Amino acid sequence: MKILHQVGHNKNWNLDAHFENDIGDGFIFCSYSLESEKVAQKYGIYKPEDYLDNSFFDSQFYGNKKSQGGKFETYDFHPALQKTPDSTDEDEINSIFEAINFQIRKGFKKIIIPFFAIDNKNFDNYKPLIEDVNNKLANSKKQGYEYFFTVAFDKGLIQDKEAIEKLLLVLTDNKITFDGYYIVCSTEIAYKKKISEDYDYYFNLSNVLKIIKQSDLKIILGFANWDSIIFSSVVDLDYVTIGSFENLRNFRLERFTEEASGGPSKGWYYSRVLLNVIKAESIKLFRIKKCLDEIKNIDNIFSDIILQEGYLWDNVKPDIHKNYMLAICQTLTELNKIKDIEERIKAALQMISKAKKVYESLNQQGIKLSYAESGDHLDIWESFLTAKYQSLIQK
Amino acid sequence: MLELKKDFLNKFGVEAYKQLPKSGQKRVYLITRNKRNEILKLIDNKDERLNREVQLEKKGYAGVPKILEEGSYEGMDFYIEEYLPNGNLEENIKKFSHNPVAIRILLLEMIDILEPIWNDKHVHRDLKPENIMFGCDNKVFIIDFGIAKSLSEKSLTKTGDMPKTLRFCSPEQYFGNKDLISYRTDIFNLGIIAYYLSSEGNLPFGQTPSEIAEYFDSHKESSELPFNLPSSLEDEPLKLFLGRSLKFKPTERYNRIALLRKSLK
């Protein structure tokens, strides 16, 4: 499994993290954050030839907003500019193939075929369009290129098992010529929480990933949060993304802006041990209670920097985000060294069990964490993985 | 027996004939022309379903009996197709007894026949031992595309056409989920046939239509169809094939034909 940076506005953070600190294997750039003329250009000291071979470009046809800093309007083929109520299927197919040709012209070898967001109401309209795109690609595929078709699930679709089954019938059809799918999925996240606690999301999305892999197709799990630990434990994913800001880790159809401001946030500390984030403000309490070592990331220079006493926390500082990127990469790499899925699930369950014990220990030491920092998701993850493990050993 | 009229015999050069059991709306005869056996089918009342069957057979797919001649006679449509002398799978079931390799070869031959048909967006939907025939040199043929569905055309009925028997039917056919009908429905039917051949004529989900209906109904919620593998079956590829092809959900079966073939080799 390869790890890709889901790149936002601060692309240099990701490029530096990769080239200087060996974090991740490649990049997904996107049209929301990058003007058309800036795609595949020199970024700081990094030339296109340094990063293009391991890069993707997401034209984000699931996005339709021009406001708040988005760059969609700089792409003359983007539906944000093109799509009108009178647009025909032919217009849409033309836009999709213009986006493919744009990527080829820019030097990308791994192509993301853009597509619109799919919900459980519009699926019947989109089914023939997916088939038409596939048929057209079958006649125009270039050798040496890989093609990943975008499937953007909205919250309603990922909860609707019947609609998912119908969609999978199309996506895994014998005549599909795509090499794989770029999957981005919206999920319900409770107010003030950072990670989904929705069983439907875990069970249904993992089922989608499993069926696609069983059909000998590749998967990029885009806009992945640290629940990628869970999905990559149960399915052999080909690519998973890591992102700095929350908008790059939590797919929401309604907004793709990277709200670095997001209010006066001081930022969050991602702990590999807790499998969760801790508010910058809470770090002081850990230090007072002398239990910072219990949650500290080891072999992580960024963690070492930001946990120094007197460090001025600010969510716009790259080290805070690089701590997360390095930590999640280490966890994903550790788990994905285990080839056998049963063993991998067991290892993930052990991580969860350890995290729960640390939470318990912190509680006993009088560290009372906020709702957002609590490990509620760990019970959901544990139940989900246990169910998956049991179904595997019963076979 | 319904005799064929003399002027028909003369006009089409029929030297001898024998009536065979009726098949749906078709009167079927084994006829001899130029010392060669052929099948004559006379259609009392041609409908859209039969039209589709004839159209599909006329496409000349390998492993589907060829239509040698067609026409109408006294208001009735007829067509003459090649004769398959070695009976159907039901009549040849003993050849496959305790012979998993032969079963796998048969399945692969059937997949070779079906793949181009599937690629043209047709689904047979009624695969069963009676519809699998053996021609000269025991070459495999698939017959009776009477309820074959074209996925690119409108369904003929609101619920999708059910197979004539529940014995080899898939859950999506039983529940009338026409949106879920695809070549994976045929793959389920192939799974049942493989089970039937591997287990001396037993079926995985019940032996009678009512048992099968009850089984499907009781497993609708869980979307799982647990079954016991035939006790004498030791062939790993065939076991895996049964496990994967007999899934409740079509997408959990084989989606890619290359993988299906690979699993049977």
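Chains as they are written, first to last, in the numbering used here: chain A, 1 to 395; chain B, 396 to 660.
Built from N, CA and C at the ideal position, the CB exists for glycine as well.
Quantities reported herein were computed from a predicted structural model and do not represent experimental measurements.
Rounded Cβ spacing between residue i and residue j (contact assumed at less than 8 Å)
i               : j               : result
L397 of chain B : R422 of chain B : 6 Å
R520 of chain B : T560 of chain B : R520 of chain B to T560 of chain B, Cβ: 12 Å. No contact.
A347 of chain A : L362 of chain A : That belief does not hold up - the Cβ atoms of A347 of chain A and L362 of chain A are roughly 23 Å apart, past 8 Å.
Y478 of chain B : V449 of chain B : About 17 Å; that fails the 8 Å criterion.
I607 of chain B : R562 of chain B : 7 Å
Y371 of chain A : K192 of chain A : 6 Å
P79 of chain A  : F57 of chain A  : The pair is not a contact, with the Cβ atoms about 16 Å apart (cut-off 8 Å).
D132 of chain A : I93 of chain A  : 6 Å
Y145 of chain A : I111 of chain A : 6 Å
I320 of chain A : G267 of chain A : 4 Å
A152 of chain A : A117 of chain A : 4 Å
Buried/exposed call for residue i, threshold 16 Cβ in 10 Å
i               : result
D119 of chain A : buried
T331 of chain A : buried
C531 of chain B : exposed
G44 of chain A  : exposed
A224 of chain A : buried
N514 of chain B : exposed
P460 of chain B : buried
N14 of chain A  : buried
W381 of chain A : buried
Y75 of chain A  : buried
L484 of chain B : buried
L603 of chain B : Note that residue 603 of chain B corresponds to Thr in the displayed sequence, not to Leu. The residue in question, T603 of chain B, is exposed, as its Cβ has fewer than 16 Cβ neighbours within 10 Å.
H743 of chain B : Since the first residue shown for chain B is 396 and the last is 660, residue 743 of chain B is missing from the structure and cannot be characterised.
P524 of chain B : buried
P621 of chain B : exposed
T333 of chain A : exposed
L312 of chain A : exposed
Within chain A, the residues that residue i reaches when beta carbons sit closer than 8 Å
i               : result
N514 of chain B : N174, K175
L575 of chain B : E165, K166, L169
Y578 of chain B : N174
7 Å CB neighbourhood of residue i in its chain, flanking five on each side removed
i               : result
L551 of chain B : Since pLDDT at L551 of chain B reaches only 45, below the 50 mark, its modelled position is unreliable, and no value is offered.
G156 of chain A : D119, N120
N533 of chain B : N481
N300 of chain A : N323, L326, A327
L635 of chain B : S658
R431 of chain B : none
K296 of chain A : S303, L307
I498 of chain B : F491, A589, L592, S593, L633
L378 of chain A : L275, I352, A355, K356
Contacts around residue i, its chain only, beta-carbon distance under 6 Å, and the 5 residues preceding and following it disregarded
i               : result
P495 of chain B : D630, L633
A138 of chain A : T177
S33 of chain A  : G8, H9
L655 of chain B : Y649
A387 of chain A : none
L129 of chain A : D89
F286 of chain A : L292
K436 of chain B : K421, V423, Y474
G408 of chain B : R428
E504 of chain B : V535
heavy atom of the ligand SAH below 7 Å from residue i C-beta
i               : result
N440 of chain B : As far as ligands go, the structure on display features none, and thus does not contain the ligand SAH.
Where residue i meets chain B, residues with beta-carbon distance less than 7 Å
i               : result
I211 of chain A : T646, E647
Test: residue i CB closer than 8 Å to a CB of chain C
i               : result
F149 of chain A : Of the protein chains in this structure, namely A and B, none is chain C.
Contacts around residue i, its chain only, beta-carbon distance under 8 Å, and the 5 residues preceding and following it disregarded
i               : result
K142 of chain A : I104
Y412 of chain B : L399, L404, Y424, L425, I426, T427, L435
E188 of chain A : K155, S196, D198, Y201
N207 of chain A : I164
K42 of chain A  : P48
**Report entry** chain B contacts made by the region 172-191 of chain A, where a contact means CB separation under 9 Å
**Finding:** T172, D173, N174, K175, I176
Query - Within 7 Å of chain A by C-beta, residues of the region 636-656 of chain B in sequence order - result: Residues of the region 636-656 of chain B whose Cβ lies closer than 7 Å to any Cβ of chain A, in chain order: K644, P645, T646, E647, N650, R651, I652, L654.
Query raised in the report: Which residues, in order along the region 335-347 of chain A, keep a beta-carbon less than 9 Å from a beta-carbon of chain B?
Result: none
Requested in this report: Taking only beta carbons into account, state which residues of the region 433-456 of chain B come closer than 9 Å to chain A, listed in chain order.
Outcome: none
Query raised in the report: Of all the residues that make up the region 212-231 of chain A, which are near chain B by a beta-carbon distance shorter than 8 Å?
Result: Q214, S215, D216
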